[in-house]
Amino acid sequence: MAEIPATGDLPDELFEQYGHEVLGLIREFFATIDDRPVLATIAPEELRALLAEELPAAPIPFEETLRATREKIIPHLTHWNHPGFHAYFANSAAYPGILAETLAAALNVNAMLWRTAPAASALEEVVLGWLAELVGYPADSDGVFVNGASLATFYALAAARDSVGPWDVRREGLSGRDLPRLRMYCSDQTHNSIDKAAIALGIGLNNLVKISTDDRFAMRPDSLRTAIQADRDAGFVPFAAVSNLGSTSTAGFDPLAEIDGICREYGMWHHIDAAYGGLWRIVPEVRELTGDVGLGDSLVINPHKTLYTPMEATVLYCKRRGLLRETFSVAAEYLATSEQDVPNYMDFSLQLGRSFRSLKVWMIMRTFGVDGLRGRMQEHLRLARDLARQIAGHPDFELLAESPFGLVSFRARPRGMRPGPGLDELNQRLMAQVNASGHSYISHTALPAGYALRVSIGNIRTAERHVAQLWNALVAGLDALNAS
Ligand SMILES: *Cc1c(COP(=O)(O)O)cnc(C)c1O
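According to the numbering used here, numbering within the sequence shown proceeds without interruption in unit steps and concludes at 485.
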């Protein structure tokens, strides 16, 4: 067996040997995933004690580290790749994406400049073009891969803030000046990343106006218009509105055309948060139903949520070309290169060093093809519709929201039981029971009707039997609670 030398990396033969072992571990993980608990249950203090160790001064054999990974780490993770993971928005990693991540690490690509990563930059352009075509965003837009939707939205709203008025916030900042109150708008169903953006952009939470929604959890355009007009009359400057395609609680969607019309009328930026819903538009019925995302000045979609891509991979588009660059590009002699007419992706966000995110999406899209991706999504939509039908048809359950995507929002409501704290508590206990089963993991939200359970179906490994197992657990769990 090769020794670990005092200088330099591991010997190649050891790398290959351990590589096979890691692949074996991955294979074994997926072969046994159905039988592993999806939700880790170990207590924090126990887990900390299990993993506490001295700073390793001397080398530790990699075999031992692999064993610790297998025995101490993997069993105490919550498994997002588990086919019974239905919490939040399902998010799973397909094999081609897993292999791409390994390759990207081996090549250690840093896609900050065209020159530092020519093929990665060119491939990023290709994949951005493919995804734009798939979801229906203008092909000649600016785009960039970033780490997550939260930051993508922050970047979009930064460009919005800097393009809206003559105040030159980029140079002069916001403080110590006589500036009007800038305001932005989103529905009361919007993800809290918009709040975070308001905090970090110097807009302030009090200037993020939450617009009420209708019984489908879609923003009311008339309320948006009224709020904007009232703010205008009060001397404020409305500068941006965010619409949802796949809102956070119930995966509803906003009327994009109407909101866009209002944004045009008032000279505002329209950002579309399609982090969850955007890529479901690969399915034609979903695309038809959910409107025209090309209307948005900017759009965010999350391959790491809806395209079976390992964390992290988000795409931000902005059809107002040049504005992301105007917001984030800063000249620095040590980064100057001579290439002309090529994207230097460091110019489109706050990130300088960037991993090779497009490779995993490229490998997934080529391996499955659009037809394969669409087929998988259609099957998950079918499973979600079937579950919704069963819930609607059961006398002790009720649906609480509709979604065109793979999310089902509902609650148990035993015959004759009124909404209120008792019913909320019953559903809380039912969820705890299902999540203690080990085979399924669901999450919840608060709706005007009360405590709601959410089942998100979209994990690449989720099949009919997993949803059946969940439904049986819900029905049996409710029976048990009623009997106790
Ligand atoms: C998941 C999600 C986000 C946040 O995404 P991250 O990539 O985790 O930052 C934002 N908005 C919506 C609608 C989402 O579904």
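Think of the CB as a built atom: it goes at the ideal place given N, C-alpha and C, for glycine as much as any other residue.
Discussion item. For a quick check, are the C-beta atoms of Gly421 and Val294 less than 8 Å apart?
Written reply: On the sequence shown, position 420 is the one that residue 421 refers to. On the sequence shown, position 293 is the one that residue 294 refers to. For Gly421 and Val294, no; Cβs fall outside 8 Å.
Worksheet entry | Near ligand 1: Lys306 beta-carbon under 7 Å from a heavy atom | For the purposes of this step, residue 306 is identified with residue 305 of the sequence shown, where counting begins at 1. Flag set: Cβ of Lys306 near ligand 1.
Item to complete: Flag this pair as yes or no: are the beta carbons of Leu448 and Leu401 separated by less than 8 Å?
Response: Numbered from its first residue, the sequence shown carries residue 448 at position 447. Numbered from its first residue, the sequence shown carries residue 401 at position 400. Yes. Within cutoff.
Worksheet item: Taking Cβ to Cβ, would you say Ala241 is nearer than 8 Å to Met220?
Response: Here residue 241 refers to the residue found at position 240 of the sequence shown. Here residue 220 refers to the residue found at position 219 of the sequence shown. The answer is no: Cβ separation not under 8 Å.
Item to complete: Output the residue ranges of the beta strand (DSSP E) runs that lie fully inside the segment 341 to 408 and measure 3 residues or longer, sorted by chain position.
Response: 398 to 402
Item to complete: Under 7 Å Cβ to Cβ from Ile283, same chain only, skipping five residues before and after it: list those, please.
Response: Taking the sequence shown and counting its residues from 1, the one referred to as residue 283 is at position 282. Result list for Ile283: Leu135, Val371, Leu374, Arg375, Met378, in chain order.
Worksheet item: Are there three or more Cβ pairs, one per stretch, closer than 8 Å when the segment 115 to 131 is compared with the segment 336 to 349?
Response: yes
Discussion item. Looking only at its chain, what residues have a beta carbon closer than 7 Å to the beta carbon of His381, apart from the 5 residues adjacent to it on each side?
Written reply: Residue numbering aside, residue 381 sits at position 380 when the sequence shown is read from its first letter. Same-chain partners within the cutoff: Gly407, Ile458, Gly459, Thr463.
Worksheet item: Just how far apart, CA to CA, sit Phe237 and Val210?
Response: Position 236 of the sequence shown holds residue 237. Position 209 of the sequence shown holds residue 210. Roughly 12 Å between the two C-alpha positions.
Practice prompt. Return the first residue and the last residue of the alpha helix (DSSP H) that Val128 is part of.
Written response: Along the sequence shown, read from residue 1 onward, the residue named residue 128 stands at position 127. Taken as a continuous stretch (DSSP letters only), the alpha helix (DSSP H) holding Val128 covers 119 to 136.
Worksheet item: In this structure, does DSSP put Arg37 in helix, strand or coil?
Response: Numbered from its first residue, the sequence shown carries residue 37 at position 36. In the structure shown, Arg37 sits in coil (DSSP, three-state: anything other than H, G, I, E or B).
Worksheet item: Expressed to the nearest angstrom, what Euclidean distance is found between the alpha-carbon atoms of Arg322 and Leu202?
Response: The residue labelled residue 322 in the question sits at position 321 within the sequence shown. The residue labelled residue 202 in the question sits at position 201 within the sequence shown. Between Arg322 and Leu202, the C-alpha separation is close to 21 Å.
Practice prompt. Verify whether the separation of the beta carbon atoms of Arg414 and Leu424 is less than 8 Å.
Written response: Residue mapping note: residue 414 aligns to position 413 of the sequence shown, counting from 1. Residue mapping note: residue 424 aligns to position 423 of the sequence shown, counting from 1. A contact, by the Cβ cut-off of 8 Å.
Item to complete: Any chance you could list the alpha helix (DSSP H) runs of at least 4 consecutive residues sitting entirely within the segment 291 to 347, in chain order?
Response: 304 to 307, 324 to 329
Discussion item. Quick check: the Cα distance between Ala453 and Pro139, rounded to an integer number of angstroms?
Written reply: The sequence position of residue 453 within the sequence shown is 452, counting from 1. The sequence position of residue 139 within the sequence shown is 138, counting from 1. Cα to Cα, the separation comes out at about 37 Å.
Worksheet item: Which term fits Arg162, buried or exposed, when burial requires 16 or more other beta carbons within 10 angstroms of its beta carbon?
Response: Residue mapping note: residue 162 aligns to position 161 of the sequence shown, counting from 1. Classification for Arg162: buried.
Worksheet item: On the three-state DSSP scale, how would you describe Asp255?
Response: Stepping through the sequence shown from its first residue, residue 255 is reached at position 254. DSSP places Asp255 in coil when its eight states are reduced to three.
Worksheet entry | Thr315: CB within 7 Å of a non-hydrogen atom of ligand 1 | The residue given as residue 315 occupies position 314 in the sequence shown. Thr315: yes, Cβ under 7 Å from ligand 1.
Discussion item. Mapping the DSSP letters down to three states, classify Ile212 as helix, strand or coil.
Written reply: Numbered from its first residue, the sequence shown carries residue 212 at position 211. Strand.
Worksheet item: Taking 7 Å as the cut-off, does the CB of Asn111 come closer than this to any heavy atom belonging to ligand 1?
Response: Within the sequence shown, numbered from 1, the residue matching residue 111 stands at position 110. No; taking the cut-off as 7 Å, the Cβ of Asn111 has no heavy atom of ligand 1 nearer than that.
Worksheet item: Based on the DSSP output, what are the partners of Arg455 in its beta bridges?
Response: Looking up residue 455 in the sequence shown gives position 454. Its beta-bridge partners are Ser410, Ser444.
Item to complete: Using only alpha-carbon positions, find the residue among Phe155, Thr154, Tyr156, Leu183 that is nearest to Pro167.
Response: In the sequence shown, the residue the question calls residue 167 occupies position 166. When only C-alpha atoms are compared, the closest one is Leu183.
Discussion item. Strictly by DSSP, which residues pair up with Asn436?
Written reply: Position 435 of the sequence shown, counted from the first residue, corresponds to residue 436. The partner list for Asn436 (beta bridge, DSSP) is empty, contrary to what the question assumes.
Worksheet item: Going by other Cβ atoms of all chains shown within 10 Å of its Cβ, with 16 needed for buried, is Arg358 buried or exposed?
Response: For this step, residue 358 is matched to residue 357 along the sequence shown. Label assigned to Arg358: buried.
Worksheet item: Does ligand 1 have even one heavy atom less than 7 Å from the beta-carbon of Asn303?
Response: Taking the sequence shown and counting its residues from 1, the one referred to as residue 303 is at position 302. It does: the Cβ of Asn303 is within 7 Å (strictly closer) of some heavy atom of ligand 1.
Discussion item. Under 7 Å: does the beta carbon of Thr66 sit that close to some heavy atom of ligand 1?
Written reply: Residue 66 sits at position 65 when you count from the first residue of the sequence shown. No, the Cβ of Thr66 stays beyond 7 Å of every heavy atom of ligand 1.
Fill in: Terminal residues of the beta strand (DSSP E) in which Asn245 lies
Looking up residue 245 in the sequence shown gives position 244. Asn245 -> beta strand (DSSP E) spans 238 to 245.
Item to complete: Please classify Glu289: is it buried, with 16 or more other beta-carbons within 10 angstroms of its beta-carbon, or exposed?
Response: Taking the sequence shown and counting its residues from 1, the one referred to as residue 289 is at position 288. By the neighbour-count rule (16 or more Cβ atoms within 10 Å), Glu289 is not buried but exposed.
Item to complete: Compute every distance between the C-beta of His87 and the non-hydrogen atoms of ligand 1, then say whether any falls below 7 Å.
Response: Mapped onto the sequence shown, residue 87 falls at position 86. No, the Cβ of His87 stays beyond 7 Å of every heavy atom of ligand 1.
Practice prompt. For Tyr277, count neighbouring Cβ atoms within 10 angstroms of its own Cβ and tell me buried if that reaches 16, exposed if not.
Written response: The residue labelled residue 277 in the question sits at position 276 within the sequence shown. Under this definition Tyr277 is a buried residue.
Item to complete: Could you work out which residue in Ser404, Pro38, Gly354 is closest to Gly253 when comparing CA atoms only?
Response: For this step, residue 253 is matched to residue 252 along the sequence shown. With distances taken between Cα atoms, Gly253 lies closest to Ser404.
Worksheet item: Just checking my contact of Asp397 with Leu479 at CB under 8 Å: how many whole Å lie between their CB atoms?
Response: The sequence position of residue 397 within the sequence shown is 396, counting from 1. The sequence position of residue 479 within the sequence shown is 478, counting from 1. About 6 Å separates the two Cβ atoms, so the contact holds.
Fill in: Rounded Cβ spacing between Arg356 and Ala105 (contact assumed at less than 8 Å)
To locate residue 356, count along the sequence shown from 1; it is residue 355. To locate residue 105, count along the sequence shown from 1; it is residue 104. The residue asked about is misnamed: residue 356 is Ser in this sequence, not Arg. At roughly 6 Å, the Cβ-Cβ gap stays under 8 Å, so Ser356 and Ala105 are in contact.
Worksheet item: Is the segment 305 to 324 touching the segment 147 to 154, taking contact as three or more C-beta pairs under 8 Å?
Response: yes
Worksheet item: Per DSSP, Gly144 forms a beta bridge with which residues?
Response: On the sequence shown, position 143 is the one that residue 144 refers to. Gly144 pairs with Tyr318.
Discussion item. For His272, list the residues DSSP reports as bridge partners.
Written reply: Position 271 of the sequence shown, counting from 1, holds the residue named residue 272. Answer is Val243, Ser299, bridged to His272.
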